[in-house]
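Inspection log for the structure reproduced underneath, given as structure tokens.
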Amino acid sequence: MSYLPILPEIVLTAAILFLTLVVVFYQGENRNGVMMTGTIFGLSVTLLTLAFVPPFAGYLFSGMLTLDGMAFFFRWLFPAVGLFVAFMAREFLEVKKAENPGEFYVILLLAILGMMLMASSGDLITIYLGLELTSISSYILAGYLREDPKSGEAAIKYFLMGALASGVLLFGMSLFYGLTGATNLVSISGILHQVGAPPLVLAAMVFLIIGLGFKVAAVPFHMWAPDAYEGAPTPVTAFFSVGPKAAAFAAIIRVFTDGLSSLVWEWSLAFAVLALITMTLGNLTALWQKNVKRMLAYSSIAHAGYIMVGLAAGTWQGTVAMLLYLLAYVFTNLGIFAVVTALGNREGKDELTDFTGLSQRSPYLAAALVVFFLSLIGIPFTAGFFGKFLLFGAAVQSGLVWLALVMAVNSAISVGYYYTVVRNMYLVAPKNKGALPVAGELKLVVTVALLVTLILGLFFEPVLGRLVAFTLPG
Amino acid sequence: MIPLFYVLVVSTLLFALGVYGALLSTNAIRILMSIEMILNAVNLNLVGFGRYITPSDPRGQIFAIFVMTVAAAEAAVGLAIILVIARRYGAAAIDRVRMLKG
Amino acid sequence: MLSSLIFIPLLGSLAILLVPREQDRTVKWVGTIFGLIPLLIVAYLWGQYSYSAQGMQFVEHYDWIPSLGISYYLGTDGLSFPMVILTALISFLAILASWNIKNRVKDYFFLMLLLETGMMGVFVALDYVLFYVFWELVLVPMYFLIGIWGGPRREYAAIKFFLYTLIGSVIMLVGILALYFNAGLNTFDMLALAKHKFAPAFQFWVFLALFFGFAVKVPVFPFHTWLPDAHVEAPTAVSAILAGVLLKMGTYGFLRVSHPTLPEAAKALAVPIAILGLINIIYGALAAMAQKDLKKLVAYSSISHMGFTLLGLAAMTPVAIQGAAFQMFSHGLISAMLFLLVGMIYDRAHTREIAKLGGLFNTIPTIAVILAFASFASLGLPGLSGFVAEFLVFLGSFGAYRTFVIIATSGVVFTAGYYLWMIQRVLMGEAKKEYLGLPDITARELGTVVPLMIFTTLLGLFPSLLMDIMNPAILGLVAKVGGM
Amino acid sequence: MNLQLLAFMILSLVTLGAAFKVITARFITHAALYLALSFVGVAGLFLLLNADFLAAVQLLVYVGAITTMLIFAVMLSQVEEIRQGAAEEGFWRRILSARFGVIPLAVAAALAGVILYLYRFANWKAVPVAPDPNTTRSIGQAMFTTYLIPFEVASLVLLVAMIGAIVLTMKKEDRSR
Amino acid sequence: MIEQAWIIAIIPIVAWLIIFLFAKALKEKVAYVGILAMGISLLLSVLTFSEALGGTVEKSFPWAVVGDIKIPVGFQVDPLTAVMLLVITIVSLMVQIYSVGYMHGDVRYAKYYAIVSLFSAAMLGLVLANNFFWLVLSWEIMGLSSYLLISHWYEKPEAAAAGMKAFITTRIGDIGLLLGTIMLFVYTHSFEFNVIAEKIHAGEINQGIVTVAALLVFAGGVGKSAQFPLHVWLPDAMAGPTPGSALIHAATMVAAGVYLVARAYGIFVATPYALFWVALIGGFTALFAATIATVMTDIKKVLAYSTVSQLGYMMLGLGAGSYTAGIFHLMTHAFFKSLLFLGSGSVIHAVHSQEMHEMGGLRKKLPITYWTFLIGTAALAGIPPFSGFWSKDEILLAAYRSPYPVLFWMGVATAGLTAYYMTRAVILTFFGQPRDHHKYEHAHESPPVMTVPLVILATLAAVSGLPGSPFLHNAFGEFVKFGHGHEAEPSSFVMIIAISAALLGVLAGVAIYGYKVISREKAIRSWRPLYLVLKNKYYVDEFYMAIFVRGTVLLAEIVGFFDRYIIDGLVNLVGWLGMQLSFLSGLFDKYVIDGMVNGVAAITMALGNSARRLQTGFVQSYAITLFAGVVIGLILIQLIGG
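Protein chains in written order, with the working numbering: chain A, 343 to 816; chain B, 625 to 726; chain C, 924 to 1407; chain D, 1081 to 1257; chain E, 752 to 1393.
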């Protein structure tokens, strides 16, 4: 049983352990910088090894891992996300004078490892463990700024709700174990096909939907998200809105398409309802927000709603649409948060009013932010447009025309709150004068995110082609 | 031989008690305890199913073991966070923690 | 060649980004040059254009996203080529007229060239997604142009413009997607979808969705309230483009998309569209008469003139549609000229209040004479392009809507009324002392207006210049729709 | 009424009773101890369900580690309250009050009711085979073959918990010794 | 030459361009450019006239292809055109020469000459056009030049107002012409007069349509030739420079309406009903205008109303069935009316006032003007042997022969009144004691450049009647006739009546104003109400102003208000309402809503607000929603899933 297919994970673990030692023993003054370069190096090597690994390794370690196209997609996406967040974190940690900046990176890498496992697991146990690894690291990251009361509050709320939700998830998993006698997804789906859909199976499914739904911040289990996003340090919020959320979606796809494929009618309907409520409530509440991070939290909830439309379609086109939308959403959001971090590092707080006159203070960031918002709304020439366009198509093909229309209307509503930021940036004179000095890495992150959003918007074909090839069923 | 249904009844009641505790208490530590109870209920479930559905295979118990380890880790981190809160708000009274809202 | 038309302005806008912020003059020169090149290309294309060829010319067809059937498909025929000429001409003149912009010159010219790319793209795109992409692209620079450089209530006008058009275009997108999925040809190619037979009931709903998207742009009666605000608040050059080109995108949408693809629905809804067109004419003319602000008067006159296009569209006889298409081109020239002149007056007198202006014939004679010329062109004096368009629309729609045409002619009288009343109050009378020292028209300003005057007169006397281009396409369209 | 059933009854009562006391105990320290008792009850149940290794682990991990940690946490966070012996005031009043008392009770009861109702209908595919006598060996064997990956991940979970706890709580005493 | 007759129209356009472009350089010399051009055109017209005696010519070239129809451009030269070419070029030349003196030192001298050249070109183009499309084109350019001319001295507010009034009133008429053209085209698929006429004769179109079309075309004529309902603009048009008025508002442009009826006579003949209306309106306008002219004190207003009346006369002639009579009177009228106008111009030039009461006894001071004015008056009044008598006689003859005797008596009454008010004008201006001595002293004869054209026109006014008279055995009738031109045999009765009406008018004029046998004041006092009505021009202007102008402006105000407050308001109202709603819902909520514009957006804000307030920030409530969600989920899935 060669370990080549999981080489990237092994390399990442090695990097984690090595960096832990560095944190303990390196006493030099620029701990923050050194740790960041170490993390960057570790993640880059992981990405490199991915190139040598055969993407279609199939079922490994007696079903614990299924390394198919989707797993490959996520296994390079998450380290990339890690790179972005690492770049964003350095200056933030320095500005906020966090006590122990080193450990931040170790916990971040652990979280990423957890997410990669979630995406490529073939067994309920590995999903649970991957989920917990990511969640626990997230609780810690949320509360990382000990002095900041908001960070503590965010952590406690996230922790308590997270623990309860994983309790619910576990209960569901135990029920499925009881009903099918197996924890491996493929065997579960085999047995379920014979068993059909007795009431208890449906109940177990509900537990799973809610347990994972919580992680994705689907309404009505989203309550923790706005507080956690607003309270947590900005790079962590960036990570939350992109990392664990995408991993949770990966887990949902894994569980529902591989495991519960026989109940496709039931859970697609459930997700359709969830999608409707989530996107509508997310958009509506976002209109009111004064704090940018809280507004982005609701926007992220709304986008979770849009992604769920892919699930509601219940077809492989839906899955492809979801993956692509996630890709677009991930990089656009990272770009936005990079700008928010840059501004946050200078202004201290993240109120909407701090964005006034940004177009004069740093035109590049302002223009980038406009492009990112356009991508989130789904204006053409941006990645977001094609993401939404595919979701729209998948929904219509599965007959959910009403859901597609709701998505269109929601996109129109979302213009409302993005517009207020753009208005402040361009049409209102800057509150405090002076150009905004932006750290090098943040500019790098914004530029890369901008490039991905635009390139995806324009040359959409290669990405779609490869994605379709990977995730074809069977 | 104890019928499976009885075990499930006990685990469900324990689960319900855990949930009731979590919703009711205002002291963070008490909520943590309730969470532990919920996890215990799940373990009971797992072991029960292990015994009756797959007696020859230790699958259930292994799952339970992993749940335990995670529960331990969770408790550790949870308490650490609670201490951070306690330093700020004195007692771990959750209801005073209401800065983030709206 | 068409791609160069679209992407040279884009190149220009990027080039401007490289020019350092404080060198206003270089920014202006770069802008003007990149404005001029498309005009030269269009002239060259006009030479190459074969009047007899049926179907599309200068076609460029590459796969963009084959799995979804989206292709980078450009082409132009009798319907779109005049619009391409109009866009190139008016964009260049608008850029030329923007030389007196003072603040944030670099951003201004960047947005102007971006706007030109968007407009050019709309008229040459033959793929729905490409069409929608350029349609939206026009929206963003327009919002900023009005929002940043506009008049006192610019923010309100800008967001009103943005919301009206965005909602319109979102509903239009739903219509397009409905076409795409219902046809099941897995392609967004306009011409292919036009050949596909859709069920009449389905056609009706999609036509309504598309109608809403285009009607906001034209603007058709109930959705027009954004136009006066947008015009009054927009800077001169921007409102010249807005009136000159943007309004034509709506009617172009009808001719290129709604009528050929959904003929039954177009025929069924012909009468309501004719009525709306009629309301536009009369309502626009009367509202113009009541305006106190010179620019608002011209804005409402645009609504009235676009009413003629709608009437022509509804009649669907070759002559009527020819008249409508001719009106699109001629109104583009005339309204752009009017807005440029109003801008010149505003730059000098710093007011657009008709009551405050007066005796301009003596104070700024050249501008006054040209404004008189433009007003006469606009009220449809024969010998100028306005009359030819209106006459053809009347001629073509007389058969189908006898009573509407007769009522519409009253609109012509009202138009003559408010224009002459404007000339009397603004241009004639004693020279007012506060306007005595004003400088008359500069060479640059003259350069922006003279080409438009020449074109208006040429087309008035020899309309065949434009009609020969349009004829084959229009005959094809009418044959496709089955005529009234 | 064979011996096993009786033992099961007793242990269940112990577990559930202790659990109830955890929630309703007026002093947080008492709650911690009741929790430990509940864990012991559960360990006993494990024994009955032929999960002897698990019972031992339960006792070690839950009763030994987690409860002690809880008590430490209580000591660190509420040392003054405990010194003055102030119980959480108005405990019972809160239990019965609408906002805190009734709604949680209703939710929990409804949850239990629905689950039990569903259990009644479920037909479990029980396998009448005798249980595996030597669970510890089979657990050990499976742990390092089929469940190797989860095992490694569990260790990483523990690692992250350790680092996290240290990072969050360590006082800033002078590090450069 | 007849083949290239269109050159006649092009020369003045070239002159207009030269003047327009090089106005600054030429300064004074613009006049010579205009006069030279018109001279050449006159020569060519004479040539064309001589060739036209031989036969008519018609040529057309493809001009524009519109959809499936082809619009041709073409010209034709037939007797009517030939005569009109001559008349236009002669009068235009005379006016341009005269204007050198009259307009000397005017602030916009070049602009004046540009307008006159442009007008002449348009008028020549009109008579040459062989199809409705180009007719309408030159028709409107004439309208433009008349507008420019009337508002030439736009510093004066009444001139600007008069210009606008002229343009809009004629525009209303033009709409009729336009609709008529379109209607004819829809049924005959052609714009050319001859083709349309043939198709109508062939009976391809039913009678009703033709009548309506004819009446619509006639409406165009009514507008341009200032016939009854649309005559209000001509008197006010006198605000323009007199020579211009002489050319445009006396001789040629206003005659275009009559020319149009003549040119489209083929259509009118096919519908007797339409012809009757033409005659009726013509007759009525003639009488109506003549009565007003009798009380006018401004010399130019008298001539203006006289023109309206004489145009009515021509329409009467055509309407009564005599194509030749109408055109003959048009020719003679053009000469003597332009003579009278130029004469009055030289009087005004001399005394710098248009009020006849400030004149008097100018006979000695302005001998040439006096004698030429006298000849013009005689011609207009219809005193034999002057031209007016012959042409008026022809029309009366036609009216007498026509099936409606009332027309004849209207004509006779008008003839009488015409004689009366012209005599009154002559006496008031040239005879009696000078009423304003200061002006009398300064009065001096106009320079030769003004008097020479007067003399030429005077001779023409005297002589131009002869071709239609029996002496030259009705040469004019032979040349200019419609179809085979049935000529009503002359009746001595009509001639006697006509002469006696004229003489009676002159005697009445002399009696009242010359020897004051009947005192003017007593006459006015006795018919006070009639006098007032006439003085205020039957209150037609006031009526139009009240109904149409005020009505339109009021309607415009309503629409403007409606648009600004109702439609726009609807959006804002809903927006405002929505905000109030959400404000109420957020009453105790301190967040101020960031003024969302769109009503729909405001409603979504209200929904958003309530959703937002669920987020209490209290962990307990989060946990409850989580587990409540679980319970509800379980129940729902059973209901749906089962």
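Note that the Cβ used here is the ideal one computed from N, Cα and C, for glycine as well.
All values reported here derive from a predicted model rather than from experimental measurement.
| request: Answer yes or no: does any C-beta atom of chain E fall closer than 8 angstroms to that of W987 of chain C? | output: Chain E places no beta carbon closer than 8 angstroms to that of W987 of chain C, leaving this residue out of the contacts.
| Going by the CB atoms, is the gap between G699 of chain A and D692 of chain A shorter than 8 angstroms? | In this structure, G699 of chain A does not lie closer than 8 angstroms to D692 of chain A by Cβ.
| Quick one: is A872 of chain E near chain A, going by C-beta distance under 8 angstroms? | Not flagged as an interface residue toward chain A: A872 of chain E, since no C-beta distance is shorter than 8 angstroms.
| query | Residues of chain A with CB under 9 angstroms from E1368 of chain C, in chain order? | reply | Simply none; closest approach about 29 angstroms.
| field | Presumed contact (8 angstroms Cβ cut-off) between T795 of chain A and F714 of chain A, rounded CB distance | value | With a contact defined as Cβ atoms closer than 8 angstroms, T795 of chain A and F714 of chain A qualify at about 6 angstroms.
| task | Mind reading off the beta-carbon distance from F1087 of chain E to R1014 of chain E? Whole number of angstroms is fine, and I expect it under 8 angstroms. | result | At roughly 23 angstroms, the Cβ-Cβ gap does not stay under 8 angstroms, so F1087 of chain E and R1014 of chain E are not in contact.
| message | Quick check: the Cα distance between P1280 of chain E and V1163 of chain E, rounded to an integer number of angstroms? | response | Rounded to whole angstroms, P1280 of chain E to V1163 of chain E spans 25 angstroms at the Cα level.
| Under 7 angstroms by beta carbon: chain A residues contacting G1070 of chain C | Within 7 angstroms Cβ-Cβ: Y768, L769.
| task | Evaluate D986 of chain C with the Cβ neighbour count: other Cβ atoms within 10 Å of its Cβ, from every protein chain shown; 16 or more gives buried, anything less gives exposed. | result | With fewer than 16 other CB atoms across the displayed protein chains lying within 10 angstroms of its CB, D986 of chain C is exposed.
| query | Quick one, are the C-beta atoms of T1216 of chain D and F1133 of chain D less than 8 angstroms apart? | reply | Yes; because the gap between Cβ atoms is below 8 angstroms, this pair is in contact.
| request: Would you please verify whether the beta carbon of R1014 of chain E is less than 8 angstroms from any beta carbon of chain C? | output: For R1014 of chain E, the answer is no, since every Cβ of chain C falls outside 8 angstroms of its Cβ.
| Taking 8 angstroms as the CB-CB cut-off, is V765 of chain E touching chain C? | Interface with chain C (8 angstroms Cβ-Cβ cutoff): V765 of chain E is excluded.
| request: Reducing DSSP to helix, strand and coil, say where H984 of chain C ends up. | output: Reduced to three states, the DSSP call for H984 of chain C is strand.
| query | So which residues of chain A does A1210 of chain D contact, with C-beta pairs closer than 7 angstroms? | reply | Residues of chain A passing the Cβ test: none, with the nearest at roughly 17 angstroms.
| said: According to DSSP, is Y1227 of chain D part of a helix, a strand, or is it coil? | reply: DSSP places Y1227 of chain D in coil when its eight states are reduced to three.
| message | Counting only beta-carbon separations shorter than 8 angstroms, does K499 of chain A have a partner in chain E? | response | Yes, contact with chain E.
| field | Three-way DSSP call (helix, strand, coil) for P823 of chain E in this model | value | Looking at P823 of chain E - three-state DSSP - the assignment turns out to be strand.
| query | Got a sec: is the Cβ-Cβ distance from I1391 of chain E to anything in chain D below 8 angstroms? | reply | Nearest CB-CB separation between I1391 of chain E and chain D: not below the 8 angstroms threshold.
| Would a C-beta distance cut-off of 8 angstroms place G825 of chain E and N881 of chain E closer than the cut-off? | In this structure, the beta-carbon distance from G825 of chain E to N881 of chain E falls below 8 angstroms.
| message | Going by C-alpha to C-alpha distance, which of E:L1125, E:Y1155, E:G1034 sits closest to L1205 of chain E? | response | For the residues E:L1125, E:Y1155, E:G1034, the minimum Cα distance to L1205 of chain E belongs to E:L1125.
| task | Check distances from the C-beta atoms of the stretch 669-680 of chain B to those of chain A and list, in chain order, the residues that come in under 9 angstroms. | result | So the close ones are N669, L670, G672, F673, G674, Y676, I677, T678.
| query | How would you write the range of the beta strand (DSSP E) that P961 of chain C sits in, first residue to last? | reply | Bounds of any beta strand (DSSP E) do not take in P961 of chain C; it lies within the alpha helix (DSSP H) bounded by 947-971.
| field | Member of A:L718, A:L666, A:F394 whose CA lies at the smallest distance from the CA of G807 of chain A | value | When only C-alpha atoms are compared, the closest one is A:L666.
| message | Distance check for M1345 of chain C and V887 of chain E, CA to CA, integer angstroms please. | response | Looking at the two C-alpha atoms, the distance is approximately 25 angstroms.
| Rounded separation between A910 of chain E and I901 of chain E - CA only | When only Cα atoms are considered, A910 of chain E and I901 of chain E end up about 6 angstroms apart.
| query | By Cβ distance, which residues of its chain are closer than 7 angstroms to Y760 of chain A, with the 5 residues on each side in sequence left out? | reply | So the list reads F715, L718, I719, once near-sequence residues are dropped.
| query | So with Cβ pairs under 8 angstroms, would you call L656 of chain B a contact of chain E? | reply | Interface annotation, L656 of chain B: not in contact with chain E, CB-CB separation never under 8 angstroms.
| Residues of chain D with CB under 8 angstroms from V666 of chain B, in chain order? | Per Cβ cutoff of 8 angstroms: no residues; V666 of chain B is ~11 angstroms from chain D at best.
| Is F1231 of chain C closer than 8 angstroms to Q1250 of chain C when the C-beta atoms are compared? | F1231 of chain C sits close to Q1250 of chain C, with the two beta carbons spaced by under 8 angstroms.
| query | Can you name, in chain order, every residue of its own chain whose Cβ lies under 8 angstroms from the Cβ of D1434 of chain C, other than the five neighbours on each side? | reply | Absent from the model: residue 1434 of chain C. The displayed extent of chain C is 924 to 1407, so no value can be given.
| field | Environment of N669 of chain B [buried if 16+ CB atoms lie within 10 Å] | value | So N669 of chain B counts as buried.
| Around the Cβ of G1346 of chain E, are there at least 16 other Cβ atoms within 10 angstroms (buried) or fewer (exposed)? | In this prediction, G1346 of chain E scores a pLDDT of 35, lower than 50, which makes its location untrustworthy; no coordinate-derived value is stated.
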